[in-house]
Amino acid sequence: MKKDPNIILAQYWGYKSFKGSQKNIIDTILSDRDVLALMPTGGGKSLCFQIPALVKEGICIVVSPLIALIHNQVDALKEKGIKAIALTGGIAFEEVNNLLDNCLFGNYKFLYLSPERLQQEIVRDRIQQMNVNLIAIDEAHCISQWGHDFRPAYLE
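Note that this note's numbering has the sequence shown beginning at 3, numbered continuously upward.
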């Protein structure tokens, strides 16, 4: 049975309808096409990748340069009963290994990580083994706003 984005929107976020260009963006993602979504703060960008990720089988990889945003989004998803994990700095190798195993075995729907974490060989190797349904680059505008030398890992 195919999951309906409108039902997911109502079930997890409590909204009756999408706003602005959200539905068009979601439909484009669900048709397996790449999307660059430019929306204002509070415009519902996160829903544009979170809902398709919930429709599709597998895990969604979200790369974000903002650690506070990563933790806010993971906490918000967990509050909705959606399994999400943050893989940022300050986590011991053994725990990183365990978290990645859990992602590989399908225990999480979302893996949020920093560009620096994505550069690590263990992370890249493990992601290649996962059933990845979507890759989202959140806050991509930071690349040009902060300059190309601020977070070299984000350019990789």
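Ideal Cβ placement from N, Cα and C applies to all residues, glycine included.
The closest CA to that of V134, considering only G60, M41 and I31, is found on G60. A contact is defined here as three or more CB-CB pairs under 8 angstroms, and the stretch 81-88 fails this definition with respect to the stretch 29-40. Annotation note: the stretch 56-114 contains the following uninterrupted alpha helix (DSSP H) runs of length 4 or greater, listed N- to C-terminal: 69-81 and 95-106. A138 is bridged by DSSP to V64.
S116 and Y14 have their C-alpha atoms roughly 25 angstroms apart. Distances from the CA of L49 to each of A70, A12, I87 and N100 were compared; the closest alpha carbon is that of A12. Taking all protein chains shown into account, G22 has fewer than 16 neighbouring C-beta atoms within 10 Å of its C-beta and is therefore exposed.
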